[in-house]
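My numbering applies: residue 37 is where the sequence shown begins, and numbers increase by one.
Contents: one structure, followed by commentary.
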Amino acid sequence: ASELNLEHAVLGFAINALQVKQKLKLHIVTTLENSAMERKADTVIRIKNYQYFLLAANHLALSHNMVDTEYLSLNAIGVEEYTKDLLSENLESLMQQAGCNYSELYEFAQNNFLNLDSIILYSENHLGSEELREINNLANLCRKSKNTESRLICLSEILNAKGVGSIIEKHDIGNNSHPLKLGQIDFNGSEAYSDELSQKALLETGAIANAFVFGEDPIGCANDKQSVKELFAKLDFLVVHDCFLTETAKMADVVLPAQLPFEQNGSFVNYQDQELSMIASCPSPVEMSMQEQIYALAAKLDTTDFAVLSHSELSNESINLIHGKSKESAPIYKFILSSPEKNILPQFSYGCNYLKNHLQEFFNQQLTQTISHEIVQQH
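Here you go:
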């Protein structure tokens, strides 16, 4: 589900170089009738539905003993229930709804479940919520999701490699298998992080009353702006932290001024868990950094356990969540059977980034005008 040469050109060039130098095999799975990657691929599996294809592939692997079930039974949550529920489905029916035949599915399973050197890449902006859940199940069955050399690579529109989403990716099991306890706050008991309701459902039902939006423009980048506006209108209180007066910021009760990326020091962790530093190239007119603003705001909330921690203590704790070793033994993998009926397609474009949205729209507008001008000249 990725058009590498159009959306991730640098990675596309790297893969193409490996195809030439190391005879790397490139296999494409797509729902597109005309994929831009087709001419570069060794094989193309054209399907109708990604989720049913993933369900069928996992079904085939489990039923044909391509999975180390003994290892997973000792290191995973929910694998027995997942296996039982999935194998109760009819494989022929799954393949029919996926739009693939048995030989294509078997080849895909062999390339991934029986080949430890294979790498799975997918584009998150082409897959829905339940499809992402099922690809995580596939990676767990292949034991690719926790390898030191990552063999499951998510291609984001905005390459922000680590963040809160990474830390809480398993809801109750954090990054590096940490049980999710930040200070005295235990996220395990929080309904906001349960597997029952999505954030969208929580917003729709009014379960979320207060929201904080940092550096994103969900309203301006929404595929359906009106529905997202209606969701935000249900909030009692909205804080937006941004460099620009975005569509989301216009609806906020409080807008905090952000520093531009080149005005602030900081660090980030890439996919290889390497911490890289950034140094400010010029001073900022904004007196407080983003972290200091967030800390000052959170300290005013009725959260005594949080308020006793200093800004530096919070920073150190977040770093330990990424790099530290858990003292408590926690399962490595978590399985939850996906449901096609609950699949939520991507709601936003440009990774919810205002600047990328603005620049891309401007580029498209200029390109359209240039093409129109050339057509007029030809006539």
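A virtual CB, placed ideally from N, CA and C, is assigned to each residue, including glycine.
Sequence-distant residues of the same chain with beta carbon closer than 6 Å to residue i, five excluded per side
i: Ala228; result: Bear in mind that a pLDDT of 37 at Ala228, under 50, signals an unreliable position, so the number given afterwards is only what the model happens to contain. Hits under 6 Å: none found.
i: Glu74; result: Val80
i: Phe248; result: Val275
i: Leu271; result: Ala247
i: Lys361; result: Here Lys361 scores only 46 on pLDDT, less than 50, and its place in the model should not be relied on; the value that follows carries that caveat. So no residue of the chain qualifies.
i: Glu69; result: none
i: Val291; result: Val276 and Ala285
i: Pro376; result: Gln87
i: Lys378; result: Glu166
Test item: CB-CB of residue i and residue j under 8 Å
i: Ser38; j: Ser159; result: yes
i: Gly387; j: Ser192; result: yes
i: Asn246; j: Phe273; result: yes
i: Val65; j: Phe49; result: no
i: Ala93; j: Leu150; result: no
i: Ile155; j: Ile189; result: yes
i: Tyr369; j: Ala112; result: yes
i: Leu54; j: Ala77; result: no
i: Met314; j: Ser303; result: yes
i: Val322; j: Pro293; result: yes
i: Ile51; j: Leu42; result: no
i: Asn301; j: Ala288; result: no
First through last residue of the alpha helix (DSSP H) which encompasses residue i
i: Cys178; result: Ser165 to Cys178
i: Asp121; result: Val115 to Leu123
i: Thr105; result: Thr105 to Asn111
i: Leu150; result: Careful: Leu150 lies outside any alpha helix (DSSP H) and carries neither H nor E.
i: Ile51; result: Ala45 to Lys57
i: Tyr331; result: Met326 to Ala335
i: Ser129; result: Leu127 to Ala134
i: Leu191; result: Taken as a continuous stretch (DSSP letters only), Leu191 belongs to no alpha helix (DSSP H), being part of the beta strand (DSSP E) at Leu188 to Leu191.
i: Tyr88; result: Tyr86 to Ser99
Endpoints, the beta strand (DSSP E) within which residue i is located
i: Ser313; result: Glu311 to Met314
i: His63; result: His63 to Thr66
i: Ile81; result: Thr79 to Arg82
i: Ser296; result: Note that residue 296 is Leu in the sequence shown, not Ser. Counting along the chain, Leu296 falls outside any beta strand (DSSP E), and DSSP gives it neither H nor E.
i: Gly157; result: Reading the sequence as shown, one finds Leu at residue 157 and not Gly. That run of the beta strand (DSSP E) goes Ile156 to Ser159.
Same chain only: Cβ atoms within 8 Å of residue i, ignoring 5 sequence neighbours per side
i: Leu123; result: His95, Leu98 and Ser99
i: Leu127; result: Ala92, His95, Leu96 and Ser99
i: Ile407; result: none
i: Ile380; result: Gly164, Ser165, Glu166, Ser234 and Lys236
i: Tyr138; result: Met131
i: Ser226; result: With a pLDDT of 39 at Ser226, under the threshold of 50, the modelled position of this residue cannot be trusted; read the value that follows with caution. Around Ser226: no qualifying Cβ.
i: Tyr118; result: Asn173, Phe371, Ile372 and Leu373
i: Asp104; result: Arg179
i: Lys363; result: With a pLDDT of 45 at Lys363, under the threshold of 50, the modelled position of this residue cannot be trusted; read the value that follows with caution. Contacts found: none.
i: Leu395; result: none
i: Glu125; result: Leu91 and His95
i: Asp260; result: Gln383
Same chain, Cβ closer than 7 Å to residue i, five either side skipped, listed in chain order
i: Glu283; result: Asp253, Ile255 and Gly256
i: Lys206; result: Only weak support exists for where Lys206 lies, its pLDDT of 38 falling under 50; the coordinates are left without a value.
i: Gln401; result: none
i: Ala258; result: Val264, Gln383 and Phe384
i: Glu349; result: none
i: Cys318; result: Phe298 and Glu299
i: Leu152; result: none
i: Gly201; result: Note that Gly201 scores a pLDDT of 42, beneath 50, so its modelled location is shaky and nothing firm can be said.
i: Gly251; result: His277, Asp278 and Ala294
i: Asp121; result: Leu373
i: Ala134; result: Ile83, Lys84, Asn85, Tyr88, Phe89 and Ala92
i: Pro242; result: A small correction: the amino acid at residue 242 is Gly; Pro does not occupy that position in the sequence shown. Answer for Gly242: Lys270, listed in chain order.
Check: residue i C-beta below 7 Å from any heavy atom of the ligand SAH
i: Asp260; result: Annotation note on the ligand SAH: not contained in the displayed structure, which lists no ligands.
Practice item. State whether the stretch 166 to 176 contacts the stretch 67 to 87, with contact taken as three or more CB pairs (one from each stretch) at a distance under 8 Å. Key: yes
Exercise for review: Would you be able to state if there are at least three C-beta pairs under 8 Å between the stretch 99 to 113 and the stretch 138 to 150?
Suggested key: Yes: at least three Cβ pairs fall under 8 Å.
**Study point:** Sufficient close CB pairs (3 or more, under 8 Å) joining the stretch 390 to 401 to the stretch 275 to 293
**Key:** yes
Review point. At which residue ranges does the stretch 229 to 287 contain complete beta strand (DSSP E) runs of 3 or more residues, listed in the order of the chain?
Key: Runs of the beta strand (DSSP E) lying entirely within the stretch 229 to 287 and spanning at least 3 residues, in chain order: 246 to 250 and 273 to 278.
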